[in-house]
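> In our numbering, the protein residues as written are -19 to 209. Let me begin by handing over the structure; questions about it come next.
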Amino acid sequence: MELKEAVEKVRERIGQAASRAGRNAAGITLVAASKTVDIETILLAARCGIHHFGENRVQEFLIKQRQLPGAHWHFIGHLQTNKVKDIIGKACLIHSLDRWRLAEYIDDRAEKLQTEVPVLLQVNVSGEKSKHGIAPSEIMSFLTAVEDLKYLRVKGLMTMAPEVEDIGLTRPVFKYLYQIFETIKGKNFKNTEMRYLSMGMTQDFEVAIEEGANIIRVGRAIFGSRDRR
Ligand SMILES: *Cc1c(COP(=O)(O)O)cnc(C)c1O
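Set out below in structure tokens:
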């Protein structure tokens, strides 16, 4: 499939999922997960109306951002503390705050730059050992600790659903995170604002939209399978 058609198809599916859920598709941000995608293809995607890109490696992020500085660049991968200095101030949103030590590192670096750093808390809802993210039971104490930081700003939550054949197992994960998102909204944590709920990838973005996601991160449905690239 041509890239243009693939983007149109994804947009159409977003629209349909949104209308099934009685939501406005305009409120849902499509982040193209562009890891391993070459810059020519990314520039083409930008011409097809994609304005948000997500990368999961710092080096690759920086190279691509330099070539398309007008787009919004999200960092969506596991972030090593020694790479924090390279990414803050560059990423419009870091989706993957998955441990307390990283929060401290970001805050410390942000202080040197005197810049607020917007992040999402990555939550490991399913509890799989292979996945990064904090446990749901730790969220409230984490956000309480964030109140003492100076530059870190939690803007919402992110999760990766388990990779399962049966999409029926995914929906409860998204439903649960949405409930937590709404619960936190009702509390008044300093430095925290529940604005973004980042969930859903190629295999499950429609379910995620039905369950309240307002950012989806889609790679394969736009760029094709990673093995074929
Ligand atoms: C690659 C990636 C995606 C997109 O996955 P696809 O299956 O290609 O849609 C979403 N989120 C993260 C964190 C990723 O690394």
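Ideal Cβ positions, reconstructed from N, Cα and C, are used throughout, including at glycine. Remember, it's a predicted structure, so these values are computed and weren't measured experimentally.
Mark D128 as exposed unless 16 or more other C-beta atoms lie within 10 angstroms of its C-beta, in which case mark it buried.
As a working note, residue 128 is residue 148 in the sequence shown. With fewer than 16 Cβ atoms within 10 Å of its Cβ, D128 is classed as exposed.
> Could one say the Cβ of I119 lies closer than 8 angstroms to chain C's Cβ atoms, at least one of them?
Among the protein chains of the structure shown there is no chain C, as only one such chain exists.
> With three or more beta-carbon pairs closer than 8 angstroms as the criterion, would you say the region 171 to 189 touches the region 151 to 162?
yes
> Tell me where the alpha helix (DSSP H) around L135 begins and ends.
Taking the sequence shown and counting its residues from 1, the one referred to as residue 135 is at position 155. Note that residue 135 is Lys in the sequence shown, not Leu. From DSSP, K135 is part of no alpha helix (DSSP H) but of the beta strand (DSSP E) over 132 to 138.
> List in chain order: all unbroken alpha helix (DSSP H) runs of 4+ residues lying wholly within the region 138 to 185.
151 to 165
> Between which two residues does the beta strand (DSSP E) carrying A25 extend?
On the sequence shown, position 45 is the one that residue 25 refers to. Counting along the chain, A25 falls outside any beta strand (DSSP E), though it belongs to the alpha helix (DSSP H) covering 19 to 27.
> Would you decide whether V144 is buried or exposed? Buried here means 16 or more other CB atoms lie within 10 Å of its CB.
On the sequence shown, position 164 is the one that residue 144 refers to. By the neighbour-count rule (16 or more Cβ atoms within 10 Å), V144 is not buried but exposed.
> Less than 8 angstroms separating the beta-carbons of I202 and A5?
Translated into positions along the sequence shown, residue 202 becomes position 222. Translated into positions along the sequence shown, residue 5 becomes position 25. No, these two residues do not count as a Cβ contact at 8 angstroms.
> Looking only at its chain, what residues have a beta carbon closer than 7 angstroms to the beta carbon of L82, apart from the 5 residues adjacent to it on each side?
Here residue 82 is taken as the residue at index 102 of the sequence shown, counted from 1. Hits under 7 angstroms: L59, T61.
> Which first and last residues belong to the beta strand (DSSP E) in which R197 is found?
Looking up residue 197 in the sequence shown gives position 217. Residues 195 to 198.
> Mapping the DSSP letters down to three states, classify Q210 as helix, strand or coil.
Since the first and last residues shown for the chain are -19 and 209, residue 210 lies out of range.
> Assuming L77 and L101 form a contact by the criterion Cβ under 8 angstroms, report the distance between their Cβ atoms to the nearest whole angstrom.
Taking the sequence shown and counting its residues from 1, one reaches residue 77 at position 97. Taking the sequence shown and counting its residues from 1, one reaches residue 101 at position 121. With a Cβ gap of about 5 angstroms, L77 and L101 count as contacting.
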